[in-house]
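As you go down the protein sequences, you meet chains V, E, H and W in turn. Each number in the numbering used here corresponds to the 1-based position in the first sequence with 341 added. Each number in the numbering used here corresponds to the 1-based position in the second sequence with 341 added. Each number in the numbering used here corresponds to the 1-based position in the third sequence with 341 added. Each number in the numbering used here corresponds to the 1-based position in the fourth sequence with 341 added. Each residue gets a CB set at the ideal place from its N, CA and C atoms; glycine is no exception. Treat the numbers as computed from the prediction; the structure is a model and nothing was measured. What follows is a single structure, written as structure tokens, with notes after it.
Number of protein chains: 4
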Amino acid sequence: MSILIKNGRVVTAESDYIADIYVEGESIVAIGKDLPYKADKTINARNKLVFPGGIDPHVHLDMPFMGTSSSDDYENGTRAALFGGTTMVIDFILQTQGDTLKNALKTWQAKSEGKAIGDYSYHMAVTDFNKKTAKEVIHMIEKEGITSFKTFMAYKGALMIDDGQMVQLMKVVRDHGGLVTVHATNGDMIDSLIAKHRAEGKLSPLYHYLSQPEVTEAEASARFADMLDYASCPGYIVHMTCEGALNAVRNATTRNQKVFVETCTQYLTLDASLYKRKDGAKWVMSPPLREKKDQVALWSGINHGLVQVVGTDHCPFTWKQKQMGKKDFSKIPNGHPAIEHRMELLFSEGVGKGRISLNKFVEVSSTNAAKIFGMYPRKGTIAIGADADLVIFNPRTRHVLSHKTHHMNADYSSYEGFKVKGKTETVLLRGQVAIDKNKCHLEAGYGQFVKRGKTSLTI
Amino acid sequence: MSILIKNGRVVTAESDYIADIYVEGESIVAIGKDLPYKADKTINARNKLVFPGGIDPHVHLDMPFMGTSSSDDYENGTRAALFGGTTMVIDFILQTQGDTLKNALKTWQAKSEGKAIGDYSYHMAVTDFNKKTAKEVIHMIEKEGITSFKTFMAYKGALMIDDGQMVQLMKVVRDHGGLVTVHATNGDMIDSLIAKHRAEGKLSPLYHYLSQPEVTEAEASARFADMLDYASCPGYIVHMTCEGALNAVRNATTRNQKVFVETCTQYLTLDASLYKRKDGAKWVMSPPLREKKDQVALWSGINHGLVQVVGTDHCPFTWKQKQMGKKDFSKIPNGHPAIEHRMELLFSEGVGKGRISLNKFVEVSSTNAAKIFGMYPRKGTIAIGADADLVIFNPRTRHVLSHKTHHMNADYSSYEGFKVKGKTETVLLRGQVAIDKNKCHLEAGYGQFVKRGKTSLTI
Amino acid sequence: MSILIKNGRVVTAESDYIADIYVEGESIVAIGKDLPYKADKTINARNKLVFPGGIDPHVHLDMPFMGTSSSDDYENGTRAALFGGTTMVIDFILQTQGDTLKNALKTWQAKSEGKAIGDYSYHMAVTDFNKKTAKEVIHMIEKEGITSFKTFMAYKGALMIDDGQMVQLMKVVRDHGGLVTVHATNGDMIDSLIAKHRAEGKLSPLYHYLSQPEVTEAEASARFADMLDYASCPGYIVHMTCEGALNAVRNATTRNQKVFVETCTQYLTLDASLYKRKDGAKWVMSPPLREKKDQVALWSGINHGLVQVVGTDHCPFTWKQKQMGKKDFSKIPNGHPAIEHRMELLFSEGVGKGRISLNKFVEVSSTNAAKIFGMYPRKGTIAIGADADLVIFNPRTRHVLSHKTHHMNADYSSYEGFKVKGKTETVLLRGQVAIDKNKCHLEAGYGQFVKRGKTSLTI
Amino acid sequence: MSILIKNGRVVTAESDYIADIYVEGESIVAIGKDLPYKADKTINARNKLVFPGGIDPHVHLDMPFMGTSSSDDYENGTRAALFGGTTMVIDFILQTQGDTLKNALKTWQAKSEGKAIGDYSYHMAVTDFNKKTAKEVIHMIEKEGITSFKTFMAYKGALMIDDGQMVQLMKVVRDHGGLVTVHATNGDMIDSLIAKHRAEGKLSPLYHYLSQPEVTEAEASARFADMLDYASCPGYIVHMTCEGALNAVRNATTRNQKVFVETCTQYLTLDASLYKRKDGAKWVMSPPLREKKDQVALWSGINHGLVQVVGTDHCPFTWKQKQMGKKDFSKIPNGHPAIEHRMELLFSEGVGKGRISLNKFVEVSSTNAAKIFGMYPRKGTIAIGADADLVIFNPRTRHVLSHKTHHMNADYSSYEGFKVKGKTETVLLRGQVAIDKNKCHLEAGYGQFVKRGKTSLTI
């Protein structure tokens, strides 16, 4: 099967030109002006943008959490992602403390195999580190193509490892070319503040926010950078939300250290004033939304190259699930539906409002994730030989986000009524039309697990 | 005329893949696997790298300075550049204090027109700022395609403007989409140290170095950033050499400010120990070479995105010219021959030694300069419709730099005996073979003046 | 003559106890509980505080400036100072550019000798530096007891020296145990902003403020610290007003550098909102008043030991004089009447409002100035053998500042209506009652020139 | 009983003059020139310095630790302190996790009552924090005169509280005018490094040092400052050793925060090269000795007012006790004998070598501790009404430190052979001669527990 995309404005993390793209099988074969190929299918992309398929490096599909499970499984989640122009996601495997990484991998394979529509990979969350785990980490890198290891500085007793384990893990990962990623918040402080607020009868969603002040994230980010420096190890901070944490990373660069940063769409576009609303539970996630000054800092961080990646931390729950915490913010399942809107929001709020360039948009929504996580140049670019993961995007279409129209399994939207300019129209995944005319044309099982290579530090 | 480059490893600031490139006229028409075109000429690039033509944003050709003139004119200088893979340069026009920008432009046009082999543009150095200059600045941006304005914080009485003029210039330039660039050193301190050393009979080249300590550059860089912040203006620091200055820019990013940074090949590869040599005059330039810790900081700055561009400050003098300062370092013409070696040195010391990626190499040697200085996407990339400025590069060829083999008009080399791995083999400039088989195939006058657009701040 | 002060609460920069103080001749002879001395005069200080006489290190008496002269001469100025509890002042001698320091000294001696009531010393402002000046500097330190040298980074063409001269001066001063002090603002930027505002017809006092934004002071303070570091020299910044400048000094401490800081009462108590008033000219001084956040930073700086001294920059002009700039802020004589209120304001706003301790009050109003400027232990303390310069202060007396009651030669007050708690009641200067019952009991000529020793850096 | 000290050079944190001091009962009654008192005893102090008695805020007497007890009990420890000029110490009570503060207090009272020769107080170490502890903390402040609360960020499972407990404790202590002090090192990282080194068979004392790299202290100090800031609470870091930690506190001052710092004599005078010696166990303490650059930073910190107090962390063990860790550094009892040498070392290395002034010497060896810990003006000064705790010191006596001559219960000296200039000759404690002619003239039980008041933050 071959496809010829005609006259699109092709945008990568660096390039911007008008051309035809010729796809054969799963890959891109040629790019040019008036290409002399005949294809099985021709798509007219005149006046449209053509991007590399988006990569969301931070999603939680079918994840058991707080006594329930996130409401999108692999099929629904990757489909919703495709609707928004995200052709690949990286999910998190959670080791059960006391159990092996291998068993955790099996559990997650059972969730994804035969179900995923879009492509996917895994980060392995190491929640318990000992000598045996060290060997498993090496196995994951060398044999399974899982090269990034998530750690938690919060959730003591469930997911957290202490700073001693952290440094040990860093050394093993460094020696084998992997990457340590981190949820960088001071869990002990947060637990204490949650307990205090509950004891005082302060139970509304606002207290979720007030239990995780900026300092808890800034401190932990600085501490993580200090540990990386000691271990001579690169690292990656997930879902950064605030200026304080960004400054911690900036300071680390004076030591010529590399600490990658991911933020999420919500931290760039929404703020903590939402927690005062009656339905504030919709935005209960960790870390919480912050202030407008943090948005400014994060957009600036993207332009300064301090923030390399924009994900979502997609972890949807239905309103009924959210109601588990109706009387106590600490029981609200943390997370929100976001996987579908990442590309459009980033385009509309970023490119559309002059905050970032088109190239930067592609860089942080796709290319950098591919490079950092060892999938480049197969993913993350529009180039000869790369997977034909392509988004044809109309930059002029105005639409409004709503749970009525989104494809995520959530009966509300965190962005209900949010106006967006720019819309994903057609999506190709490995040479197949995945999305077109508001329909998904692929089925469960089409999505492949992408074995990843080692981290590229000099991206 | 058409050219087909077969099977090269095409590398841009973002991409890296194997493909054919088809060139017709001055532009790139198609890129692909086994492209089905017939061309007037076919070049086999198998096992070679194909880069966008290099852009050196900092050269001085035929420049009157210190009672003499730099020894490369436009013909020789741009030819030497082409031999090294640099297809375009940006030279500096120096306003004479008391005279107009227009007259300065005329002077420089007379030097370049009909002589340049490679493409070129100008920065306009504003050495005298008043209301009339303000109008001329606007004219340069709007009519002449000269959008960057060089300032000097040193050379009082000849080139320097004071901080008051600087802020006024910044506001005019900002309002019209241009860019203020700066030679950021504390000229008063330096003049005083030079006078002191001379008074003490300390006249060897080493005292050139000791008259420009790191603080003179760090201080001025911080001051420039402060002024930019006050004027809400972006800026660009040329030829940065040291950690102290880099930290000044890093600190400025906490204010969400954009200050672009250029370093030069020599500051990445050579150090101040050379000034103790008998022939230390060869490296007398301003700012001077620094210490090894500064090299580490600058390479790291490139990887952190704090340093966007690598130039040369090419300003060659013959040994006889350098002898003007035989008895007094302050009379040695400042500058060195470098235009030819930039790409190969950066490749060999950067990519070859694992300090930067191939993509980063292209980004800092070509793409960023094109974007920052308003020539993108015509220059700085390999993309459909772009100028066919291409370098075919053999990454395995080992060679040794020497004045015996270089093409610059200097009877010594600053890199005599320096071992380099990787060599420019073939160069195309706007679809014509400029360099091949160690010969230049273009003639004086082929080079065009490139009218530039406004600065892109969110590169 | 002998005086016995009974039962006062004696407070020094470190101590705080109730005791009698016995004074004989000019000095303190004994301190104790129920001292067994008979004195010519006994003063009951029960429930009163007894402080060392205040030292104001920054005043301008009878100073020619902007086409007029400050309105307090030595007699009136030092008398007003005594009324407020300040027993000694340090005035500034201004070298005329092109003329000698010696001539400047003579000019100032003519102003003070036979006129001063309170004690005094001089800072020597070096406005023109060359080899001859260098020798004069040494003479001033070794022979005249003038050990501090004021420099201006502003007022080009009148008072300013450039950064090259600055570094040279620093080295001479350092080698001979003196201290370089500085008016640290970027004069070129300020001149340019003044010119701009005038050209735009923005002529009200508010534009005085807007012509000297915080950056002009922060930048110059950082630059001064950089130069000190290069010259391995201690320094002293006069009349610091803002957080940005304080941060510059804080950063300098990371280099283990010593940069002393003086602020003035007005910067701790008044803010820039006054410039919007019709009579804004009253507060036209340089640097201008700043924002409330700067007050917070300065009080904190005092407690952190970053700010050692509080002066006034007393430079009064009558309202008629101020009217010289009625139509143009740039012609308003810069300065305000303040010498009398320093101690009471600092006590009321500092100690009274819990911002500083009683000990810190004495430290910054007297002791540190004595130590830094080489007059300790003769001045600045209450100790055996020290000059009996004593202030008996009632911490409970409430009063209101007004031009109707002040003793300075100004027909308005910068603090009209300001409520103060705490009042100087009795003042001794070298064993003589200077102030008592709201009268001055000393006459012109009593005040002595205090020859100063070298700077103490480890105060 | 009365004592008249004649003609000494009296030095306090601020003053410096020659005078007689007249003591009656426990207090100072008068200070003056040729005082007209007759006393029971006269001491000639001509050519001697007279200081306030030293206060060592950090000692461990008779402390159970690592399976043994520190080898100085209250009698021997406070006597040795007196020999060196330290008239008062503050020891640490350690709460047993799970037990009450009250019981811990009783245990320590049993150690001290009837035994101490010198005066003493306690810090209360809170090793387990809950609601009940919160009430006990208030009781300690309000009723017992114990107003400082020590916390540990290391020694998990024995002494450490987590960051959540820390913040809760801070709020209680703040609300009641106390002070939280901290052993600021990242215990988890250290434990992990110890385990690693042991697993690798790296068991010599050098690995004690390498298990506690600078980052472990710098990180924890920054984290502590962050928590203080969040809790709006002042704090105090004990035994700071390094530049990294000092910079953390310096940075905190930009938030106008107050974090007091204590260093110890050994960190100012000894360095980590000692760990390579065969008898390296002598200096095994936590944190360990650091590098020479850290000494420079700490001396500078003292002069900048960032370091307010110099203690010892006196915790002696005999060589036999140290041999418990002969084969494993982790079993070496941590601590060293130091209580006796603090004043003389600080004088000799500080004042004698020009690093600090005489006033600063008194400030950091006595006055600041008295102020910070609520004992001022009874302790820490030479003033009317203050306790007559006085040290008569000969600044010219040269001597050599040795276990043969020291009075601490340790059969070796950490300073064996160290040359010191300046010696404590006579010591008075509350009006009694404690030390004279190398003998102690007081007996066990003379020492009193000093009930302390609230912390003074604006010292």
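Scanning H:Gly519, H:Tyr548, H:Val521 and H:Leu520 for the CA closest to the CA of Asp532 (chain H) turns up H:Tyr548. Residue range Lys633 to Asn644 is occupied by the alpha helix (DSSP H) that includes Ser641 (chain E). Counted as a single uninterrupted DSSP element, the alpha helix (DSSP H) harbouring Tyr415 (chain E) occupies residues Tyr415 to Gly425. By the Cβ neighbour-count rule, Pro377 (chain W) is exposed, with fewer than 16 other Cβ atoms within 10 Å of its own. Neighbourhood of Asn527 (chain H) in chain E, by CB distance below 9 Å: Asp504, Gly505, Arg564, Asp567 and Met568, in chain order.
In the structure shown, the three-state DSSP call for Ala572 (chain V) is coil. The beta-carbon distance between Val732 (chain W) and Val768 (chain W), rounded to whole angstroms, is 5 Å. This is short enough to meet the 8 Å contact definition.
When the Cα atoms are used, Gln553 (chain H) and Phe565 (chain H) turn out to be separated by approximately 17 Å. Membership of Glu766 (chain V) in the beta strand (DSSP E) is indicated by the continuous run Lys760 to Leu770.
Between the alpha carbons of Ile725 (chain E) and Val351 (chain V) lies a gap of roughly 9 Å. Only buried fits Gln607 (chain H), as 16 or more other CB atoms lie within 10 angstroms of its CB. If only complete runs of 4 or more residues are kept, the region 689-735 of chain H shows the alpha helix (DSSP H) at 699-703 and 709-713, in order along the chain. Cβ proximity to chain W below 7 Å picks out Leu376 and Pro377 from the region 376-390 of chain H. Using a Cβ-Cβ cut-off of 7 Å, Glu560 (chain H) is close to Arg564 and Asp567 of chain E, given in chain order. Contacts with chain V at 8 Å (Cβ-Cβ) include Met530 (chain W). Non-local beta-carbon contacts of Leu699 (chain W) in its own chain, meaning distances under 7 Å to residues more than five positions away in sequence, involve Val352, Asp357 and Val692 in chain order.
Take the alpha-carbon of Ala785 (chain V) and the one of Ile458 (chain V): they are about 5 Å apart. Between Asn527 (chain W) and Met494 (chain W), the CB-CB gap stays under 8 Å.
At a cut-off of 8 Å between beta carbons, Gln509 (chain H) contacts chain E.
Note on the region 535-599 of chain W: whole alpha helix (DSSP H) runs with a minimum of 4 residues are 546-551, 555-572 and 584-594, in chain order. When Cβ-Cβ separations below 8 Å define contact, Pro575 (chain W) makes no contact with chain V. Between the beta-carbon of Ile369 (chain W) and that of Ile723 (chain W) there is about 6 Å, and that keeps the pair under the 8 Å contact cut.
The Cβ atoms of Pro657 (chain V) and Ser411 (chain V) sit closer than 8 Å to each other. Contact with chain E is absent for Asp414 (chain V), since none of that chain's Cβ atoms lies less than 8 Å from the residue's Cβ. In this structure, DSSP gives Asp532 (chain H) a helical state, which the three-state scheme calls helix.
Against chain H, the beta carbon of Val556 (chain E) has neighbours under 9 Å at Asp567, Met568, Asp570 and Tyr571, listed in chain order.
Distance from the CA of Arg631 (chain V) to the CA of Leu500 (chain H), rounded to the nearest whole angstrom, comes to 50 Å. Among the residues facing chain E, Arg539 (chain V) is not included, as its CB has no counterpart in that chain under 8 Å away. In this structure, the CA atom of Asp413 (chain H) is about 11 Å from the CA atom of Ala679 (chain H). With distances taken between CA atoms, Ala386 (chain W) lies nearest to W:Gly349 out of W:Thr437, W:Gly349 and W:Gly676. The contact set of Ser533 (chain E) on chain H, defined by CB atoms closer than 9 Å, consists of Asp503, Asp504, Gly505, Gln506, Met507, Val508 and Gln509 in chain order. Beyond the five residues adjoining it in sequence on each side, Met581 (chain E) comes within less than 6 Å, by CB distance, of Val602 and Thr604 in the same chain, given in chain order. In the DSSP secondary-structure assignment, Val602 (chain V) is bridged to V:Ile578. For Ala724 (chain H), the nearest beta carbon of chain W is closer than 8 Å to its own beta carbon.
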